[in-house]
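**Student:** Each residue of the sequence shown is one higher than the last, beginning at 53 in the numbering used here. The C-beta atom is built at its ideal place from N, Cα and C for all residues, glycine as well. I have a structure here, written as structure tokens, and I will follow up with some questions on it.
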Amino acid sequence: MPASAFASFFRRFMAVSSLLLLAVSARAQTSLVGRWALQQIAFEAPSTLPDSLQEQLFHSPAADTNIGITNGELTLVVEFLPDSTYTYATTRRGQLVHSEKGTYRIRRGLLYSQTSTNDEPLFDGQSIVELTRRKLLLQSPIMQPELQVFEQVLYTRLPALRK
53 MPASAFASFF RRFMAVSSLL LLAVSARAQT SLVGRWALQQ IAFEAPSTLP DSLQEQLFHS
113 PAADTNIGIT NGELTLVVEF LPDSTYTYAT TRRGQLVHSE KGTYRIRRGL LYSQTSTNDE
173 PLFDGQSIVE LTRRKLLLQS PIMQPELQVF EQVLYTRLPA LRK
């Protein structure tokens, strides 16, 4: 194959690949649209962790969050809108504790957000492990990279609000 023919083929291949990546990203963005409630925060590690690290995870803010959700005292709801904005609210015993608004985007299977305030982004490069009609599972590394410990955050889809 002559060099010019190969170059032409390569440009077409890259253009088609780029379009496919955009289509996959757009489909993920579209299927993310809706209201999601946090169900559980879990940790995953490829091997057994030392007792000190297990104890640290057991007494982490994630553990407190899980207890609050299980007891029905705490709710965390995020709504992703079609215009790439989101709203997020945390309530404890029916009282609003925290809320924020911002924008989100999906890039190469990672979820990013930016708040309209100076708060730390809610979604900062978390991997989308699973996204179905009813389930959103996000994952991000925590602790030292060599430990390969990941925080997994499970959301379930809520019914749409009636307007």
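For glutamate 96, tell me which candidate among Leu190, Asp135, Ser136 and Leu174 has the shortest Cα-Cα distance.
**Tutor:** Leu190
**Student:** Would you check if there are 3 or more beta carbon pairs closer than 8 Å linking the segment 94–111 to the segment 119–129?
**Tutor:** no
**Student:** Report the option in Val201, Phe132, Thr167 and Leu213 whose CA atom is closest to the CA atom of proline 102.
**Tutor:** Val201
**Student:** Secondary structure at aspartate 103, three-state DSSP: helix, strand or coil?
**Tutor:** Looking at aspartate 103 - three-state DSSP - the assignment turns out to be helix.
**Student:** Is the distance from the Cβ of serine 83 to the Cβ of leucine 183 below 8 Å?
**Tutor:** yes
**Student:** Helix or strand or just coil, what does DSSP make of serine 112?
**Tutor:** Coil, per DSSP.
**Student:** Taking just the CA atoms, how far does valine 85 sit from arginine 209?
**Tutor:** Going by the C-alpha atoms only, they are around 10 Å apart.
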